[in-house]
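Step one of this worksheet: look at the structure below.
Numbering (the numbering used here), first residue to last: 97 to 417.
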């Protein structure tokens, strides 16, 4: 009876691979119809998925996505061992591997991944696209420097629960402008299971698509926390692009009434503007306008992550990204 049951399972081993192939074909078609994906998947199907999965994962204090990743990693040597012990034939091992990979593909796309093919941020938010002159860029950079100086805040005795509440409040207030079906479930931030390892590659957080989970590195400095939290929440809202998630997070934090959220966002975004504007003629003059307190925070952040960094792991992670 037991052998018959196992045989039946292996006889339908092509079901998941065919479903995965169909999913991949749909994803290729989806590239050409972003408006349909936006209205059908991102605005209707995904919000329901996010609400259900986030409530389920919220019951558990640990990351369910991390459990899946660990099981997938452990299963590789485990399957090899079973083959060597002749508990599983090479043929059946191939079937198992193909089915597991197929299931991962199916779940990834249908639970979150189809958001990759939605309308871009300019279309969603009705933002016109235009070339930015050096003069306009310089003006924005100067405004950001003024903002970061003005919003400088201390983060001693920082309350991460309060930060979560404030970020959620800001997302709620801006949900209409950002075209979000708020609340779309619950966004309970969880610590990365192997935070030290991920810190070696300077990874401050990531989103888990299989259980709709937000992960933050426990080595995050308080001044970084609000912006990174808001960034990962953007992914939970179905924003797949890193650049778009940065914009959502910056807007949500900078428009908050809380100075700490504003400063965290301005400090984060200033780094990118300084990098992009490094070839401006009066770059040195602009940099000289940054207050010492802000400079000290930049130095603290850089030193903190450099001490945690492992060059080989960071390099490998960079290739994967």
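From the three backbone atoms N, C-alpha and C, an ideal C-beta is built for every residue, glycine too.
Residue state for residue 297 is assigned as coil, using DSSP reduced to three classes. Counted as a single uninterrupted DSSP element, the alpha helix (DSSP H) harbouring residue 234 occupies residues 230–246. Taking a cut-off of 8 Å on C-beta distances, the stretch 214–225 touches the stretch 133–151, as three or more cross pairs fall below it. Between residue 274 and residue 205 the beta-carbon gap is near 24 Å, outside 8 Å, which marks them as no contact.
Sorting 253, 401, 252, 284 by C-alpha distance to the C-alpha of residue 261 places 284 at the top. When rounded, the separation of the alpha-carbon atoms in residue 227 and residue 371 is 18 Å.
The continuous alpha helix (DSSP H) containing residue 167 extends over residues 160–180. Counting along the chain, the unbroken alpha helix (DSSP H) around residue 197 starts and ends at 186–207.
The Cβ-Cβ distance between residue 324 and residue 346 does not fall below 9 Å. In the displayed model, residue 267 falls within a helix according to three-state DSSP.
DSSP, reduced to helix, strand and coil, places residue 155 outside both helices and strands of the structure shown, so it counts as coil. For the 9 Å CB-CB criterion, residue 130 and residue 208 do not form a contact. Sequence-distant Cβ neighbours of residue 184 in its own chain, meaning closer than 6 Å and more than five residues away, are 178. Straight-line spacing of the CA atoms in residue 162 and residue 256 works out to 22 Å.
In this structure residue 328 is buried. Its beta-carbon is surrounded by 16 or more other beta-carbon atoms within 10 angstroms.
Contact check for residue 289 against residue 156 fails: the beta carbons are separated by 9 Å or more. For residue 274, there is no enclosing alpha helix (DSSP H), as DSSP marks it with neither H nor E.
For the pair residue 406 and residue 367, the Cα-to-Cα distance works out to about 22 Å.
Cβ-Cβ separation between residue 310 and residue 303: approximately 6 Å, consistent with a contact (criterion under 8 Å).
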